[in-house]
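Structure first, commentary second.
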Amino acid sequence: MEQALYQAAILTFEELGFIFPIERPSDDECENEESTRVSVKFNGSVSGEIVLQVENTILPTIASNMLGTEEPLEDEEILQDVLGELANVICGNTLPSIAGKNEVFRLEPPRKINKLEAGEKPAAIAHLDVEESRADVLLYLN
Amino acid sequence: MSLNVLIVDDSAAMRSIIQKTLQISGLEIGHVYQAKNGEEALVMLEENWVDLALVDINMPVMDGETLINRVRENPDLAELPIVVVSTESSEARIVQLRSKDVEFIHKPFAPETLRETVFQITGVDNGTSTLPSSNFDF
Chain A
84 MEQALYQAAI LTFEELGFIF PIERPSDDEC ENEESTRVSV KFNGSVSGEI
134 VLQVENTILP TIASNMLGTE EPLEDEEILQ DVLGELANVI CGNTLPSIAG
184 KNEVFRLEPP RKINKLEAGE KPAAIAHLDV EESRADVLLY LN
Chain B
2 MSLNVLIVDD SAAMRSIIQK TLQISGLEIG HVYQAKNGEE ALVMLEENWV
52 DLALVDINMP VMDGETLINR VRENPDLAEL PIVVVSTESS EARIVQLRSK
102 DVEFIHKPFA PETLRETVFQ ITGVDNGTST LPSSNFDF
């Protein structure tokens, strides 16, 4: 499951964000005040959510890469939209690997979250280094 | 001949990415219309001449599948070439969507995949375009 999450996350950052993350050694500390987070909930044969958090140091660069602008983008609405689309694509690419290629899922629109739910343990985490900044993808199953 | 294109996606970022990919594709692109759901798209299709629609599936208000059904049922729009651009991965769902006479591109997509699919569905290919394989160069 964790490998599926890594593969989907790396593929999405590469093809959509034109940035090349590498796996970061896993640690238990995912909470990071200087990150922006979105959640995408999914329902189907398995239900849950994927949370993507990206450090604010790299998010404007990813947004700029995706939208083809010269300068890093700082507009919060754009950054949320970009992060939401990344999370949506990671989610869509992870689910077939964990539930099978014929399962149909309903994905809810990405929504901003301010912090990770304390006490909830993810089923899998992908820790990524993105040009010296951190990104984490957390998969929660109901 | 330049193509008027309608991009339907609830993400402004994704609409922008698709538009910029089209603009560097080598296709002659005319007017690009953008809609954030199927309902907006139907209004634009009724008011404007569109040669090609690129449609997400999972959208609020009116989803992409409903939009495709409405287009196919409308005699004035039924022949519109449609490319679905979606995270949908279920093979059964993709087969079902293709039965509505649409092409399918899975997100994330490489720019050349979008270009080749558009060439294929529109039948337009000037044969001179080159796209960077791993990055945009706007």
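In order, the protein sequences belong to chains A and B.
Each residue of the first sequence is one higher than the last, beginning at 84 in the numbering used here.
Each residue of the second sequence is one higher than the last, beginning at 2 in the numbering used here.
Each residue gets a CB set at the ideal place from its N, CA and C atoms; glycine is no exception.
Who are the Cβ neighbours of residue i in its own chain at under 8 Å, not counting the five residues just before and after it?
i, result
"Ser109/A", "Ile208 and His210"
"Glu85/A", "Ala207, Ile208 and Ala209"
I'd like to know whether the C-beta of residue i is nearer than 9 Å to at least one C-beta of chain B.
i, result
"Val187/A", "yes"
For residue i, decide whether its Cβ has a neighbour in chain A, counting only Cβ atoms nearer than 9 Å.
i, result
"Lys101/B", "no"
"Ser90/B", "yes"
"Phe110/B", "yes"
"Asn59/B", "yes"
Suppose the cutoff is 7 Å on Cβ atoms and the five residues either side in sequence are ignored; what does the same chain contact list for residue i look like?
i, result
"Asp77/B", "none"
"Leu190/A", "Val123, Phe125, Asn171, Cys174 and Gly175"
"Glu154/A", "Ser147"
Among residues of its own chain, excluding the 5 on either side of residue i, which ones have a beta-carbon nearer than 6 Å to its beta-carbon?
i, result
"Phe22/B", "The question names Phe, but residue 22/B is Thr in the sequence shown. So the list reads Pro112 and Leu115, once near-sequence residues are dropped."
"Ile196/A", "Arg120 and Ser122"
"Ala218/A", "Val137 and Leu211"
"Glu40/B", "Val62 and Met63"
Taking only three categories from DSSP, how would you classify residue i?
i, result
"Ser12/B", "coil"
"Asp52/B", "coil"
"Gly124/B", "coil"
"Ala111/B", "coil"
"Ile173/A", "helix"
"Leu88/A", "helix"
"Glu29/B", "coil"
Below 8 Å on the Cβ atoms is my contact criterion, and I expect residue i with residue j to pass it. Report the Cβ-Cβ distance as a whole number of Å.
i, j, result
"Leu135/A", "Leu166/A", "6 Å"
"Asn176/A", "Ser90/B", "7 Å"
Completely contained beta strand (DSSP E) runs for the region 179–215 of chain A, where each covers 3 or more residues
Whole beta strand (DSSP E) segments, 3+ residues: 194–196 and 207–213.
Of all the alpha helix (DSSP H) runs that stay within the bounds of the region 90–160 of chain A, which reach a length of 4 or more residues?
Within the region 90–160 of chain A, the complete alpha helix (DSSP H) runs of at least 4 residues are 142–150.
What are the uninterrupted segments assigned as beta strand (DSSP E) that are 3 or more residues long and contained completely in the region 41–88 of chain B, given in chain order?
Counting only runs of at least 3 residues, the region 41–88 of chain B fully encloses the following beta strand (DSSP E) elements, listed from N- to C-terminal order: 53–56 and 83–87.
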